[in-house]
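Student:
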Amino acid sequence: MTNTSAPQHDIDSPEQLARRRHGQSVLSRIDGHAGEAVIDSLADINPALGHHVAAFGFGDIYDRPGLDPRSRQLVTLGSLIALGGCEPQLKVHIGAALNVGISREEITEVILHAACYCGFPRAVNATFVAREVFTERDTAPAN
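In our numbering, the protein residues as written are 25 to 167.
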């Protein structure tokens, strides 16, 4: 039996909506449309997951003081490379890294550095993702 009235399950209360809006604002600032697309893609199948990614991941954690967005993205890239199998998320966060001022050279250096700790297959896969993001950026129409 599912208790949908328990506070931790209520994602639509005014307090939770405010948390989600704040998290979505942070997500949009960092990831732009790519982050919004991830949250939107969850709406029909798992809206609670989308809520928690936005409210907790970006509103509560990403927006904390102590690390700037640049540092957070470097940590995120290293973590996703280490996990492996996270290429769609890595693609979004490589774009976010570029958005917060991390250079392409720094991104490829992170990937090279991760090879020592995570292995070459994960670094190679991350490099292919980086190439895809860089190419998309190079061929995107100017705004």
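Using N, Cα and C, we set each Cβ at its ideal position, and we do this for glycine too.
Just mark Arg45 as buried or exposed, buried being the case when its beta carbon has 16 or more other beta carbons within 10 Å.
Tutor: Under this definition Arg45 is an exposed residue.
Student: Taking its Cβ as the centre, do 16 or more other Cβ atoms sit within 10 Å of Leu107, making it buried, or is it exposed?
Tutor: Per the 10 Å Cβ criterion, exposed.
Student: Could you please give the first and the last residue of the uninterrupted alpha helix (DSSP H) stretch that includes Ser127?
Tutor: No alpha helix (DSSP H) holds Ser127; DSSP gives it neither H nor E.
Student: Is the distance from the Cβ of Ala78 to the Cβ of Gly102 below 9 Å?
Tutor: Not a contact, by the Cβ cut-off of 9 Å.
Student: Out of Gly119, Pro112, Gln40 and Pro93, state which residue places its alpha-carbon closest to the alpha-carbon of Ala164.
Tutor: Per the Cα distances, Gly119.
Student: Rounded to whole angstroms, how far is the Cβ of Leu51 from the Cβ of Glu60, which I believe are closer than 8 Å?
Tutor: That belief holds up - the Cβ atoms of Leu51 and Glu60 are roughly 7 Å apart, short of 8 Å.
Student: Express the C-alpha separation of Glu130 and Gln97 in angstroms, rounding to a whole number.
Tutor: Each residue's alpha carbon lies about 11 Å from the other.
Student: Work out the CA separation of Ile69 and Asn27 for me, nearest whole Å.
Tutor: With a pLDDT of only 48 at Asn27, under the threshold of 50, the placement of this residue in the model should not be trusted, and no figure is reported.
Student: Please determine, among Gln40, Leu122, Gln113 and Ser127, the residue with the shortest C-alpha to C-alpha distance to Phe80.
Tutor: For the residues Gln40, Leu122, Gln113 and Ser127, the minimum Cα distance to Phe80 belongs to Gln40.
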